[in-house]
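Enquirer:
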Amino acid sequence: MTEKIIIAGSGGQGIMLLGKVLAEAAMREGRHVTWLPAYGAEVRGGTAHCMVIVSDEAIGSPYVVTADTLILMNAPSLEKFKDRLDKKGLLVVNSSLAATNNKSKEDKIEQPFTDIAIKMGNIKIANMIALGCFISRENIVKLTTVSRVISDIAPENKRDLVEINQKALQEGAKLS
């Protein structure tokens, strides 16, 4: 099993954290993993993205040309990466900020991750809602492993966000 994932959204949406948490969880479960963040001029408000590959075998390159899954958190990311999805791939879209307008794609999840995050009291948890939704659908890693990673990697000054991020993960798991 090899899953090639591109995760994209605006700088500040927690795109890198989503990828890092997924990669760390897969590594803890004994998988081969790469996480390739794309930093640069786009980080503040522009499109930010990262690539994650999870595999049972060694990975030759961390770069994803054609993704098995796209997790897209806003309209500019959808526009930029939509053509990089394999024909049989899964499209996960934050419908709060993007619309696919493509009714022919059968394997897609469109959920209002940002709207749900706002209702939960913190717009910044939309990334963990999206992650929970994706994991619940694809079973790449266990939700319990991801929940532990969220707790373990949280810096001391952000410990107060662990619980809400774990709740967001669970809320997302209900959506797929």
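Numbering of the sequence shown is given in our numbering, commencing with residue 582 and proceeding in unit increments.
Think of the CB as a built atom: it goes at the ideal place given N, C-alpha and C, for glycine as much as any other residue.
For Leu651, which option in Ser591, Leu666 and Val645 has the closest C-alpha, if you only look at C-alpha atoms?
Expert: Closest by alpha carbon: Leu666.
Enquirer: Return the chain-ordered list of same chain residues with a C-beta closer than 6 Å to the C-beta of Asp696, the five sequence neighbours on each side being excluded.
Expert: The answer, listed in chain order, is Ser677.
Enquirer: May I have a chain-ordered list of the alpha helix (DSSP H) segments no shorter than 4 residues that lie completely inside the region 703-757?
Expert: You should have 707-719, 724-734 and 743-754.
Enquirer: What's the gap between the Cα of Leu590 and the Cα of Leu598?
Expert: The sequence shown places Gly at residue 590, rather than the Leu named in the question. Approximately 12 Å between the Cα atoms of the pair.
Enquirer: Whose C-alpha, out of Ala607, Met582, Lys661 and Lys705, is nearest the C-alpha of Gly593?
Expert: Of Ala607, Met582, Lys661 and Lys705, the residue nearest in Cα terms is Lys705.
Enquirer: Would you report the Cα separation of Met701 and Ser732, rounded to the nearest angstrom?
Expert: Cα to Cα, Met701 sits roughly 19 Å from Ser732.
Enquirer: Does the beta-carbon distance from Ala648 to Val730 come in below 9 Å?
Expert: Not in contact: Ala648 and Val730 (Cβ atoms no closer than 9 Å).
Enquirer: Please report the residue range of the beta strand (DSSP E) in which Glu691 lies.
Expert: Counting along the chain, the beta strand (DSSP E) containing Glu691 begins and ends at Lys689 to Gln692.
Enquirer: Put Asp696 into one of helix, strand or coil per three-state DSSP.
Expert: Reduced to three states, the DSSP call for Asp696 is helix.
Enquirer: Tell me the start and end of each unbroken alpha helix (DSSP H) in the region 649-679 that is at least 4 residues and wholly inside, in chain order.
Expert: As far as the region 649-679 is concerned, its whole alpha helix (DSSP H) runs of at least 4 residues are 656-662.
Enquirer: On the criterion of 16 or more Cβ atoms from any shown chain inside 10 Å, does Glu638 qualify as buried, or is it exposed?
Expert: Glu638 is exposed by the Cβ-count criterion.
Enquirer: Using CA coordinates, which residue listed in Gly627, Ala711, Gly641 and Ser642 is at the minimum distance from Leu750?
Expert: For Leu750, the nearest C-alpha among the options comes from Ala711.
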